[in-house]
Amino acid sequence: MIGPFETISSLARQLDARHVSSRELVEDAIARTETLNSTLNAVVSLDKPGALAAADQADQARADGAVSPLLGVPMLHKDIFCTRGVKTSCASKMLADFIPPYDATVVKKLHDAGMVSLGKCNMDEFAMGSSNETSFFGAVKNPWDVDRVPGGSSGGSAAAVAAGLAPLATGTDTGGSIRQPAALCGITGLKPTYGRVSRYGMIAFASSMDQAGPMARTAEDCALVLNAMAGHDPLDSTSADISVPDYSAGLEKSIEGLRVGIPKEFFSSHLNDGVAATVSAAVKELEAAGAVIVDVSLPSTDLGVSTYYVIAPAEASANLSRYDGVRYGYRCDSPSDLQDLYLRSRTEGFGEEVKRRILIGTFTLSAASYDQYFMKAQQVRRLIAEEYQSVLKDVDVIAGPSAPSTAFVLNDGSKSITDMYMEDVFTIGANLAGLPAISVPVGLVDGLPVGMQLIGSRFGEAQLLNIAHQFQIRTDWHSLTPDREGLTG
Amino acid sequence: MKWEKVMGLEVHLQLSTQSKIFSSSATAFGADANTQTNPLDMALPGTLPVLNHAAVSQAIVFGLGVGAEIGKVSRFDRKNYFYPDLPKGYQISQFFEPIVKEGVFEVPLEDGSIFPVRILRAHLEEDAGKSVHDAIPGHTGIDLKRAGTPLLEVVTEPDFRTAEQVVAYLKALHALVTYLGISDGNMSEGSMRCDVNLSLRLKGETKYGTRTELKNINSFRFIERAIHVEAERQQDILESGQSVVQETRLFDPDNDETRSMRSKEVANDYRYFPDPDLLPIVIDDETIERIRDALPELPAVKRGRYTTELGLSQYDANLLTQDRATAEFFEACCAASKNPKATANWMLGDLSAALNKEGLAIGGCEVTPEGLGSLISRIDDGTLSSKMAKTVFEGLWAGEPDVDRIIEDRGLKQVSDSGTLETIVDELIANNPAQVDQYRAADEGKQKKLIGFFVGQAMKASKGQANPQMLNQLLKQKLG
Amino acid sequence: MTDAATVRDVAALARLTISDQDIENATAEFNQTLALFDALSTADTTDVAPMINPLDSAQRLRTDRIETLVDRAGLMQNAPASEQDYFLVPRVLD
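Right, dumping it as structure tokens:
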């Protein structure tokens, strides 16, 4: 009997051994989603006919002799990836009925690798948020406690994998949007190096930081998927022309002697005590596996949030100017003139957090503010990047918590906007510096998952996955599933 | 009060690439609305720009053509504003670091002198789409076919003082870009668009006055008129003690006035910032030298050659080098005729007149350089009289390719055979005794007139083919 | 810190409307975020070049070749208003 929490590797073996067909897997996944989604709201659209057809195709290909670790395995795409002929909303009223006429490169690559997409995951609107509460389609619930948030912006993807709807969901990470929800939902999520994975067809939030990545149950699974997702794309000028190694090949390497840096700033006042203790225990585990733990310092850690919240909204303010009701997307009723068309379509079509960020971004780019805010932030960005680089000369990876606390309560009125921004304090550095980072589950605090983050050097995904995998063969936090009625296998 | 016009120009040239600057859509002129587009040109979500190699090369070619410094590292920036023909809500342009930096462009003026214009910079950017008003009542239609076409914006220092200089610059720019093969440089088709920044100041003043920008003027004639009209308007304002408002104005040829453009932007803060979707353009010396070596001969160099080596006047040289097609026709024709001065005369005389009459460009007529060249040779070798040559030219114009055939078919060969001519003259003298006596009795001055009768008769008898010089000589000889 | 008038101006630049009921709150939130940026002035950025993109490579140049990825019908299928192959907006006065 194949449970809903099987890994991709396990499913691949079973598909290969003909113990199960892709069709069966997909039917089960769809049924489970239909049952659980009314509670979780993790999925915004299911493409049943498309998924079943693709499953049959995969089964046929397998029968014809095709062999691939991803062939016929069901998955979900964050609704930020354009999928041809399938609604892509970015969780916004602005794009609620938008049907792209083309596929994102990530979508195409995973499709070509044989994966079967079931549908699209909920997310924070235009990827702006850390709790998946800003979605036009309503908040996503954390499968571990449905009164709590799953994290964001890839909250739907994290919740879907955590609840066993699919073994893989794609996510995107601009300030922590893969790693933080992965931590809050107890799964494994990888943000690759900026430029490792194509951004073509991925609806843009902050162009110099956005990166797509896998969210799955294990590092081993993430490696399999990254193999298919990564690679140069001629349609993306910021796609690195660097060959893709086999990320699965180096997983078994020993981490004896590997230097792991623990920044003291990551264990500061922001951090919840329970999380601190759990992550520290995980670090001990790495030490037991042979790693050398080194104290390091990233003094600009706190500056990171200010830097990020100048740059990301600024880039976003320009990226979102195309949503004007003219060629696609939401258009207001009976516009009286052009300006009315723009003003009402945009004011009605965008949610509050998106509008807040467009405003602040527009402001920091304006003539009077540019030098003081935008240019300054870009300079501080370079300082932060250099700081990481310098530390990574001394250690192989940097380790710490992925998020300052466990999943917080939905509609937490006590959290101000800037409180919410501080959720990203540990994850933001990797986006500013363009470095790869992974979050792995390392335990529970009061029944809620905690994640440990590992940050590597540029294009050092193989090493990150290796360490994460070595951690996961010694522990079984990643095997935990939400102990709730209806959710357990 | 003596006022001086101070003007600077911003010219947008559409580059002659196959595909657009950031997408691989076609750029050909004349296609249907909203064809030749890709998801990027429509600014669909998730689309990204990738820079066209040819746009960079053509920009470098231009820079070398005006002797400018090429920016070894340049970037693209976003210029943010809302307008329906600008699908992304920002234009990708180069604000901070342009690909072409300072240069000097030598402009030949009508009187033959050279007017040097300082080029401040030239940068790459993408074109917007087009708005079509009232094709559908009460609406404006947006056509994005043109969106994303590569443009090179050439900015000058405010070196211009007269409308004549401005027009001369535009003509020379047209010549240069057609020579270089980087643009059609055609104002009426929109592949060359000129904006004039104009301000006034008192003669002798060094500070600049407030300027207005005149946009979207699509002919040389209108530019001259617009400059004149706007300068007058500003003069009236300044002389009444008021200030000129810095704004963008359109020229209305029907009412012969300039009008303020209703602002496209609520407030013109373009919020320029470096585009994070594109990486810096890095150009090495090798690339620049390779492009330099492949440049065609520039108009300025040709002009020098025509005047010093071929002995043409500066005025003629300027006209013959006004565009590549004309210069190439001239050079091919010289190769056939071996007579540059005569070639110049025929091209700037008969050929030019015929082209103007039909409204044709040199490439659009039937006359070939070889055809005209051999026509000139036949005059030079005595086969054709100048009068007959004009008839032959008509044949070439009509598309008959071979000069000798035309001469043969129409019997236009000049009669230079002294025997034949003598016979004609002797007959004439024999048959017209009264006129002969009259001639012999007249003084030199009157003789010059009276000989006309004999020339006319001889021409009639020879069906116009008598060699005029020989005929005259014989007549004088025999009449005495 | 900024005032409501500035926030309204910024909104207009971004083609967003803030209602009279919301303007006070929006201004307060705006200032809250601005306060977050104060920390930046503490960093010494003398002679530090701004980082525009973390990649330090040069722009790749594309071959000048025509390729159509999606046809006109596909590109216009999401148009809120179109006719005779044009996208329609209310009549623009120039």
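Protein chains in written order, with this note's numbering: chain A, 1 to 489; chain B, 1001 to 1480; chain C, 2001 to 2094.
From the three backbone atoms N, C-alpha and C, an ideal C-beta is built for every residue, glycine too.
At a beta-carbon threshold of 7 Å, the residues of chain A lying near residue 1142 (chain B) are 326, ordered along the chain.
Taking 9 Å as the cut-off, the Cβ atoms of residue 1198 (chain B) and residue 1180 (chain B) do not count as close. At a C-beta separation below 7 Å, residue 2033 (chain C) has no neighbours in chain B, since its nearest C-beta there lies roughly 18 Å away. Shown in chain order are the members of the segment 2054–2072 of chain C whose Cβ falls below 8 Å from a Cβ of chain B: 2055, 2057, 2058, 2059, 2060, 2061, 2062, 2063, 2064, 2065, 2066, 2067, 2068, 2069, 2070 and 2072. In the three-state scheme derived from DSSP, where H, G and I count as helix and E and B as strand, residue 473 (chain A) is classed as helix. Within chain C, no C-beta atom comes nearer than 7 Å to that of residue 191 (chain A); the closest sits roughly 13 Å away. If one requires a minimum length of 3 residues, the beta strand (DSSP E) runs lying completely within the segment 1051–1101 of chain B are 1077–1080 and 1090–1093, in chain order.
Residues of chain C whose Cβ lies closer than 9 Å to the Cβ of residue 385 (chain A) are, in chain order, 2051 and 2054. Between residue 2014 (chain C) and chain A, the shortest Cβ-Cβ separation is below 9 Å. The C-beta separation of residue 149 (chain A) from residue 156 (chain A) comes to about 11 Å, leaving the pair out of contact by the 8 Å criterion. If you compare the alpha carbons of A:382, A:198 and A:33 with that of residue 81 (chain A), the shortest gap goes to A:198. Setting aside the 5 residues that flank it on each side, residue 1461 (chain B) is surrounded in the same chain by 1424, each with a C-beta closer than 6 Å to its C-beta; the list follows chain order. Under the DSSP assignment, residue 2087 (chain C) falls outside any alpha helix (DSSP H), being part of the beta strand (DSSP E) whose first and last residues are 2086–2090. A contact between stretches requires three or more CB pairs, one per stretch, nearer than 8 Å, and the segment 1003–1015 of chain B meets this requirement with the segment 1164–1184 of chain B. In this structure, B:1275 is the residue among B:1275, B:1382, B:1313 and B:1285 with its C-alpha nearest to the C-alpha of residue 1095 (chain B). Residue 374 (chain A) reaches chain B at 1273, counting residues in chain order whose Cβ is nearer than 7 Å. Chain order gives the chain B residues near residue 315 (chain A) as 1276, where near means a beta carbon separation below 7 Å.
Using a CB distance cut-off of 9 Å, residue 1084 (chain B) counts as an interface residue toward chain C. When secondary structure is reduced to three states using DSSP, residue 261 (chain A) falls in the strand class. Of all residues in the segment 1148–1180 of chain B, none comes within less than 9 Å of chain A when Cβ atoms are compared. From the listed residues B:1001, B:1331 and B:1217, the smallest Cα separation to residue 1248 (chain B) is found for B:1217. The shortest CA-to-CA distance from residue 1074 (chain B) to any of B:1121, B:1081, B:1445 and B:1029 is the one to B:1121.
One Cα belongs to residue 349 (chain A), the other to residue 1205 (chain B), and the distance between them is close to 54 Å.
Per DSSP, reduced to three states, the secondary structure at residue 1105 (chain B) is strand. Taking 8 Å as the upper bound for CB-CB distance, residue 201 (chain A) and residue 102 (chain A) are in contact here, some 7 Å apart.
Judged by DSSP in its simplified three-state form, residue 1357 (chain B) adopts helix. Nearest CB-CB separation between residue 1088 (chain B) and chain A: below the 9 Å threshold.
Going by DSSP, residue 1475 (chain B) is part of no beta strand (DSSP E) but of the alpha helix (DSSP H) stretching over 1468–1479.
In this structure, DSSP gives residue 49 (chain A) a helical state, which the three-state scheme calls helix. Among the CB atoms of chain B, one or more fall inside 9 Å of the CB of residue 318 (chain A).
Residue 2049 (chain C) and residue 307 (chain A) have their C-alpha atoms some 15 Å from each other.
Looking at the backbone, the Cα of residue 447 (chain A) and that of residue 178 (chain A) are separated by about 21 Å. Per the C-alpha coordinates, the member of A:319, A:474 and A:438 positioned closest to residue 1090 (chain B) is A:319. Closer than 8 Å at the C-beta level to chain C, one finds these residues of the segment 281–313 of chain A: 300, 302, 303, 305, 306, 307, 309 and 310. Taking C-alpha positions only, residue 2040 (chain C) is separated from residue 341 (chain A) by approximately 37 Å.
If only uninterrupted alpha helix (DSSP H) runs of at least 4 residues are considered, those enclosed by the segment 1364–1393 of chain B are 1369–1380.
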